[in-house]
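Only one structure is covered here, and it is reproduced in the block below.
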Amino acid sequence: MPTILLAQEDPDAAAQLNALLQDFFPTAQLKLLTDFASVAETLASGSRTSLLLSDIFWGDADQSGPLLLLAETYPETPIGIVSRFDLTQTLPPAYPIPCLKADDHLPLAMAELMENFSGRSFGPYSILSPAGPHPLGRLYWAKHQQLERQVQLLVPPTGSPTFSKKICAYARLNHASVYSIYESIPSEDRIFVALEPVLHPTLLHIQNQNTPLTLLSGARLATTLASVLSEMESSSIPSRLLGPYDYTLSLNGTPRLRNPVAYPGLPESSHFENSNKLASLLEPLLPPSPSTSTLLKILQNPGTSAFDLLIQTRNFERQLADVQVVHVRDEEIEAAKKMFQARILRRWTIALGSLAAFAFLTIASWTVYDRLFLDRPGTLDHEEILVPAGRVSLPGS
């Protein structure tokens with residue numbers, strides 16, 4: 366018997382949704398929540414919940430950000446949005462939590478959200494547990510059976526006609542500051558995609574915790590955004606508008622981005638809109654100072670292209686670090702060391718392999734020549750030859 370949480374502030378909307386679900390799922394246990402605080406408390410209590418259907422407007426406030434954090438904190442509970450309002454122009458682009466309509470297609474959408482792939486294997490990956498929502502489907506923690514590598518496996522909706530086009534659009538971008546796509550795993554009528562896991566907190570987490578950012582972290586975020594957008598601009602890849610959930614920061618301040626590609630059906634955004642959006646996100650998080658004002662002015666006036674923004678942000682970061690060369694982060698130094706060590710190991714492997722192959726070919730060639738082509742006088746040693754006069758034994762000649 367499934368347990369479904371109905372988180373609706375409006376009594377009329379809650380009653381209509383309750384009646385609709387009772388028609389579709391007469392044996393389901395429905396629990397009504399009328400305030401957003403009780404939603405977090407119910408999920409934190411650990412009670413068994415099959416599905417949460419929630420609105421994003423509570424007390425005239427948009428709770429799409431906190432709801433997304435709840436979906437990430439409690440990934441074992443699938444969440445869908447059912448609202449009394451039209452959210453077409455309200456939800457941020459590429460918002461991960463699906464928006465469901467209260468119509469005849471609602472049971473299928475709910476059943477798909479409640480589907481759990483934990484414990485199953487697809488290709489070389491074994492699915493461990495749910496990892497939260499994704500704009501293109503649902504995420505699961507998975508482990509590669511041979512490489513012992515933990516990834517996040519993206520499970521697309523059943524029968525989605527646009528998923529392959531969307532994931533191909535994602536795959537066009539290959540940048541060190543963007544979380545990677547590892548590989549695709551075809552399975553029956555679906556294509557599962559292995560993704561690099563997102564382990565660091567996002568700007569949305571930082572906003573929710575009211576944690577201030579250092580100016581250097583803000584400058585690195587701006588430089589990273591400019592670098593990614595300039596790469597996309599040079600490759601003619603359209604970008605979408607990035608929100609606080611799309612920026613991540615490691616503990617030592619290294620930024621990375623979720624994939625910013627505008628896939629088919631998603632509105633495109635310019636470098637100007639993205640830089641202005643980042644300025645509005647950083648302004649309440651950075652300490653007030655003349656340097657902060659300078660960084661915000663750079664983001665608010667990025668120039669005519671992403672390359673202009675990149676030049677400005679790099680110059681600002683150099684001045685902030687008080688050096689005249691590009692600031693190299695500890696992670697980049699460590700990555701360069703590992704790459705250098707791997708290059709040396711690869712060259713030694715190639716050299717030793719070449720020597721072994723040369724030695725093998727030399728020995729094989731000499732053996733063939735010695736056995737088949739070398740002309741040497743034959744000798745007889747302790748051999749018996751029958752002659753008419755009798756048997757003669759030759760000692761060797």
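Each residue of the sequence shown is one higher than the one before, counting from 366 in my numbering. Each residue gets a CB set at the ideal place from its N, CA and C atoms; glycine is no exception. None of these values were measured; they are calculated from a predicted model.
Is Pro625 buried or exposed, if buried means 16 or more other CB atoms sit within 10 Å of its CB? With 16 or more other Cβ atoms from the protein chains shown falling within 10 Å of its own Cβ, Pro625 counts as buried.
Run through DSSP, which three-state label would Arg736 get? Here DSSP, grouped into helix, strand and coil, assigns Arg736 to helix.
Decide if the stretch 443-459 is in contact with the stretch 413-430; the criterion is three or more beta carbon pairs, one per stretch, under 8 Å apart. The answer is yes - the stretch 413-430 touches the stretch 443-459, with three or more Cβ pairs under 8 Å.
Let me make sure I understand the geometry here. Which of Arg514, Leu418 and Leu478 has the alpha-carbon closest to that of Pro767? Nothing can be reported for residue 767, as the shown portion of the chain is limited to 366 through 762.
Express the C-alpha separation of Ala402 and Leu568 in angstroms, rounding to a whole number. Straight-line Cα distance between these residues: approximately 22 Å.
Give, in chain order, every unbroken run of the alpha helix (DSSP H) that is at least 4 residues long and sits entirely within the stretch 471-513. If only uninterrupted alpha helix (DSSP H) runs of at least 4 residues are considered, those enclosed by the stretch 471-513 are 471-479.
According to the Cβ coordinates, are Pro652 and Glu633 closer than 8 Å? One thing to note: Pro652 has its Cβ no nearer than 8 Å to the Cβ of Glu633.
Return the chain-ordered list of same chain residues with a C-beta closer than 7 Å to the C-beta of Glu477, the five sequence neighbours on each side being excluded. Same-chain partners within the cutoff: Pro522 and Thr523.
The stretch 402-418 contacting the stretch 371-386, beta-carbon criterion three pairs below 8 Å: Touching, yes.
Nonlocal neighbours in the same chain, by C-beta distance under 7 Å from Asp611, ignoring five residues either side: Once the five neighbours on either side are set aside, the close Cβ partners of Asp611 are Leu622, Arg623 and Pro625.
How is the alpha helix (DSSP H) around Ala372 delimited, first residue to last? Unbroken run through Ala372 is the beta strand (DSSP E), Thr368 to Ala372; no alpha helix (DSSP H).
Identify whether Thr659 lies in helix, strand or coil by the three-state DSSP scheme. Thr659 falls in the helix class under three-state DSSP.
Taking DSSP's pairing of strands, which residues face Arg621 in a bridge? Looking at the DSSP assignment, Arg621 forms a beta bridge with Thr613.
Which same chain residues, not among the five before or five after Ser719, have their C-beta less than 6 Å away from its C-beta? Here Ser719 has no same chain residue with a Cβ atom under 6 Å from its own Cβ, once five neighbours each way along the sequence are excluded.
Exposed or buried, which one is Gly445 when buried takes at least 16 other CB atoms within 10 Å? Note on Gly445: 16 or more other CB atoms within 10 angstroms of its CB, so buried under the neighbour-count rule.
Leaving out five residues before and five after Glu548 in sequence, what residues of the same chain have Cβ atoms less than 6 Å from its Cβ? Ala559, listed in sequence order.
From this set, Thr619, Val520 and Pro667, which residue's C-alpha is nearest Gly583's C-alpha? Comparing Cα positions, the closest option is Thr619.
Can you tell me the Cα-Cα spacing of Leu660 and Glu682, whole angstroms? Approximately 9 Å between the Cα atoms of the pair.
Pairwise C-alpha distance: Pro367 and Ala379: If you draw a straight line from the Cα of Ala379 to the Cα of Pro367, it is about 18 Å long.
Which ranges would you report for the beta strand (DSSP E) in the stretch 412-480 if only whole runs of at least 3 residues count? Entirely contained in the stretch 412-480, the beta strand (DSSP E) runs reaching 3 residues are, in chain order, 416-419 and 444-446.
Could you check if Lys702 is buried or exposed, using at least 16 other CB atoms within 10 Å of its CB as the buried criterion? With fewer than 16 neighbouring CB atoms inside 10 Å of its own CB, Lys702 falls in the exposed class.
Alpha-carbon to alpha-carbon, Ile550 and Phe482: Roughly 15 Å between the two C-alpha positions.
Would the stretch 634-654 and the stretch 564-580 be scored as touching if the rule is three or more Cβ pairs under 8 Å? With the cut-off at 8 Å, the stretch 634-654 and the stretch 564-580 touch.
Residue nearest to Asp468 in terms of C-alpha spacing, selected from Glu638, Asn383 and Tyr535: Comparing Cα-Cα distances from Asp468 to each of Glu638, Asn383 and Tyr535, the minimum goes to Asn383.
Beta-carbon contacts of Asn539 that lie in its chain and below 8 Å, excluding the five residues immediately before and after: Counting only Cβ-Cβ distances below 8 Å, and skipping sequence neighbours, we find Ser545.
Taking 8 Å as the threshold (beta carbon to beta carbon), is Ile728 in contact with chain B? The structure shown contains no chain B, having only a single protein chain.
Ser403, DSSP secondary structure in three states: Correct three-state label for Ser403: helix.
Inside the stretch 527-587 only - beta strand (DSSP E) runs reaching at least 3 residues: Taken in chain order, the complete beta strand (DSSP E) segments of 3 residues or longer contained in the stretch 527-587 are 546-552 and 555-560.
Would you say Thr613 and His565 are within 8 Å of each other, going by their C-beta atoms? Contact flag set, yes.
Could you tell me how far apart the beta carbons of Tyr505 and Ser491 are, in whole angstroms, since I believe they sit closer than 8 Å? Contact doesn't hold; Cβ gap of about 10 Å is too wide.
Gln689 (DSSP reduced to helix, strand or coil): Residue placement at Gln689 cannot be trusted, given a pLDDT of 37 that sits under 50; what the coordinates show is reported in the next sentence. In this structure, Gln689 counts as coil in the three-state DSSP scheme.
To the nearest angstrom, how far is it from the Cα of Leu647 to the Cα of Leu452? Using only the alpha carbons, I get a separation of about 26 Å.
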